[in-house]
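In terms of numbering that gives the first Met the number 0, the sequence shown opens at residue 0 and continues consecutively. A virtual CB, placed ideally from N, CA and C, is assigned to each residue, including glycine. Predicted model only: the values in this text are computed from it and were never measured. Everything on this sheet refers to the single structure shown next.
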Amino acid sequence: MAASETTDTTAVPGSGRHRVVVIGSGFGGLFGTKALRRSDVDVTMVAKTTHHLFQPLLYQVATGILSEGEIAPPTREVLAGQKNAQVLLGEVTAIDLEARTVTSQVLGRELVTPYDSLIVAAGAGQSYFGNDHFAEFAPGMKSIDDALELRGRIFGAFEMAEIGAKRGDNVDHLLTFVVVGAGPTGVEMAGQIAELAHRTLTRDFRAISSKQARVILVDAAPQVLPPFGQKLGGWAHKELEEMGVEVKVGAMVTGVDERGLTVKYKDGTEENIAAVTKVWAAGVQASPLGKTLSEQTGAPLDRAGRIAVNPDLTLPGHPEVFVVGDMIALDNLPGVAQVAIQGAKYAAKEIDGRLKGKAPQAPFKYFDKGSMAIVSRFRAVAMVGKLRLTGFIAWLMWLAVHLFYITGFKNRVTAVLHWFVSFIGKGRSERTSTEQQIFARVALQRLQRGATDLVSNPGEYDAEAERRRRAELEAQAAEEARLSDANERGVKV
Ligand SMILES: Cc1cc2nc3c(=O)[nH]c(=O)nc-3n(C[C@H](O)[C@H](O)[C@H](O)COP(=O)(O)OP(=O)(O)OC[C@H]3O[C@@H](n4cnc5c(N)ncnc54)[C@H](O)[C@@H]3O)c2cc1C
């Protein structure tokens, strides 16, 4: 049983100020919290990681361009100067809209945090479209853990191929990389693995040529990058093929195991692809917290688990609860960072305005600043309003926008250095990976309660046990010192 206690959420105890709880430290959570910095409120951010994750650059961590710290700064550090905000580590497991409390857990420790206003920004996870067992062999691309595991798997596959080739084995399955999902993440991932094989690793191996690698991008949809339209999608398709990526559209993945995967084409034919390394970049499923909120309010969920919210981003019957970002179904808004950022800022402004007695804002309106996806170094696609750009100019835009949004000056500087190494040179600064990064996810999943199974229950503080242990340690140290002083150490008595 988890030890449960109610926290004092006030950043300045005894202030008696309006308590805002923010769930999540992603784009919605962080920007919402920051937007409240000048408000007369106490903000508590509850998130299941200690960092703010810049998801659009995860693929660069997975392929050794950037370090994880550059795209995932500690939330506590980012908010250190914001005196009305505090950060709590914990996975929110329950929201009680009647009692106005949020329950969170970390390693068996449970906290119940009361709120006056709530901003829910818990984002979305990977969806395997009902085939969750695929996850064991095809990691997704949603977290730092995912990216580091994939980094280990990708570079590790080349290592295993080198050993296999030295033994005279067939290593084709080790040098075949399949990326599932031809959206921006899948395209970026496939492009980067191809660059690794054809540029970065060409001098590193003796028994294999990294250029032998096959990179395959599969998607059930009929085109690459559907949200970018036919023209940009077609351009990206051609670019990928020129880089040596095999693009298979209209190809639905029907089976995945450790040796490879099976795809089924529209005409009913099936193909087995032998590939040890698979990356799942298809499909998202909103946080399960949406279901909790739906059950308590009757607000419907769509197929991706996103909750229908009022035009002011609140829940029906609960004007004090805002839901933002990837969790919401409103006006067909896309699951992109700007929707979360703008929604969170809107919610923060509304909370602040209410406290100041201002009239409610007009309904939330998303301002589309454009979308872009990188295909390879110096090549990208960009869509800004009616403007459609491809190639180097789009790539420069991508560079500028990403540099602007990376959190922290230090991270911007080091990211530029790492990009210099990878884009101008051939190198990758961040190729290190460990055995734990590759295997820990699957090992933890095999435990019943994940990492919680590896730690002891916090239990009650036992002062008597501590006193006994201290006395034992003191006696042991005294005996060791006496033996040394008396020159009796090692003397057989
Ligand atoms: C690989 C990848 C590439 C992308 N590329 C782009 C891009 O180029 N451009 C773009 O605009 N968008 C991109 N996106 C989408 C964009 O990242 C999301 O739309 C955006 O992050 C949504 O923000 P959010 O705040 O709703 O959720 P997130 O940023 O996902 O944040 C959710 C937060 O909630 C926390 N959380 C989740 N569940 C719980 C819980 N139960 N308890 C406590 N905390 C919880 C998470 O740890 C996280 O901190 C990309 C996404 C991915 C995965």
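**Q.** Bounding residues of the beta strand (DSSP E) (the contiguous stretch that carries Asn331)
**A.** Run containing Asn331: none; DSSP gives neither H nor E here.
Q | Proximity of Pro318 and Thr296 at Cβ, strictly below 8 Å | A | no
**Q.** DSSP-derived helix/strand/coil call for Asp301
**A.** coil
**Q.** Own chain partners of Gly15 with C-beta closer than 7 Å, once the 5 adjacent residues on each side are dropped
**A.** none
Q. If you check the beta carbons only, do Trp500 and Tyr127 fall under 8 Å apart?
A. Not covered by the structure: residue 500. The range shown for the chain is 0 to 492.
Q | Straight-line Cα distance separating Met44 from His401 | A | 25 Å
Q. How is Asn271 classed by DSSP in three states: helix, strand or coil?
A. strand
Q.
When you compare the region 80-96 with the region 297-304, are there three or more beta-carbon pairs, one atom per stretch, that lie closer than 8 Å?
A. no
Q: Can you tell me which of Asp218, Val252 and Val214 puts its alpha carbon nearest to the alpha carbon of Gly243?
A: Val214
Q) To the nearest angstrom, how far is it from the Cα of Ala442 to the Cα of Ala274? A) 22 Å
Q | Coarse secondary structure for Ile118, derived from DSSP in three states | A | strand
Q. Does the beta-carbon distance from Ala379 to Ala399 come in below 8 Å?
A. no
**Q.** Beta carbon of Ala303 nearer than 8 Å to that of Ala281
**A.** no
Q: Would you grab the beta carbon distance between Asp325 and Val283 for me? Rounded to a whole angstrom, and I think it's under 8 Å.
A: 7 Å
Q) What are the boundary residues of the alpha helix (DSSP H) that Ala476 is part of? A) Ala462 to Asp484
Q: Report the partner residues of Gly496 according to the DSSP bridge assignment.
A: Since the first residue of the chain shown is 0 and the last is 492, residue 496 is not available in this structure.
Q.
Three Cβ pairs or more, each shorter than 8 Å: is that satisfied between the region 110-119 and the region 261-275?
A. no
Q | Closest residue to Gln54 among Thr406, Ser421 and Asn486 (Cα-Cα distance) | A | Thr406
Q) Ordered along the chain, which non-local residues of its own chain (more than five positions away) have a Cβ less than 6 Å from that of Ala347? A) Gly31, Ala34 and Leu35
Q: Give me the Cα-Cα distance between Ile365 and Gly124, rounded to the nearest whole angstrom.
A: Per the sequence shown, residue 365 should be read as Tyr rather than Ile. Cα-Cα distance, rounded: 23 Å.
Q. Which two residues bound the contiguous alpha helix (DSSP H) that contains Phe534?
A. The question about residue 534 has no answer here: the residues shown for the chain are numbered 0 through 492.
Q) Ile22: beta carbon under 7 Å from a heavy atom of ligand 1? A) yes
Q) For Gly139, which residues of its own chain have a beta-carbon under 6 Å away from its beta-carbon, when the five flanking residues on both sides are left out? A) Gln125, Asp145 and Trp279
Q) To which residues does DSSP link Thr261 through a beta bridge? A) Gly254 and Asn271
Q: Report the residue ranges of all beta strand (DSSP E) runs contained in full by the region 66-122; include only those spanning at least 3 residues, in chain order.
A: 84-88, 90-95, 100-105, 108-113 and 116-119
Q: Could you tell me whether the Cβ atoms of Thr74 and Val86 are closer together than 8 Å?
A: yes
Q. Hey, quick one: how far does the beta strand (DSSP E) through Asp218 stretch, first residue to last?
A. Arg213 to Asp218
Q. Quick one: is the Cβ of Gln54 within less than 7 Å of any heavy atom of ligand 1?
A. yes
Q: Identify, in the order they occur along the chain, each residue of the same chain with its Cβ nearer than 7 Å to the Cβ of Met0, setting aside the five sequence neighbours on each side.
A: In this prediction, Met0 has a pLDDT of 43, which is less than 50 and means its spatial position is unreliable; what the coordinates show is noted afterwards. Nothing listed; no residue qualifies.
Q. For Val420, which beta-bridge partners are listed by DSSP?
A. Answer by DSSP bridge pairing: none, since Val420 is not bridged.
Q: Would you decide whether Asn271 is buried or exposed? Buried here means 16 or more other CB atoms lie within 10 Å of its CB.
A: exposed
**Q.** Reference Gln190; option with closest CA among Leu174, Gly390, Lys210 and Glu240
**A.** According to the sequence shown, residue 190 is Gly rather than Gln. Of the candidates Leu174, Gly390, Lys210 and Glu240, the one whose C-alpha sits nearest the C-alpha of Gly190 is Glu240.
Q.
Quick check: the Cα distance between Glu69 and Arg411, rounded to an integer number of angstroms?
A. 8 Å
Q | DSSP state of His172 mapped onto helix, strand, coil | A | coil
Q. From Ser24 to Val178, what does the alpha carbon distance come to, in whole angstroms?
A. 28 Å
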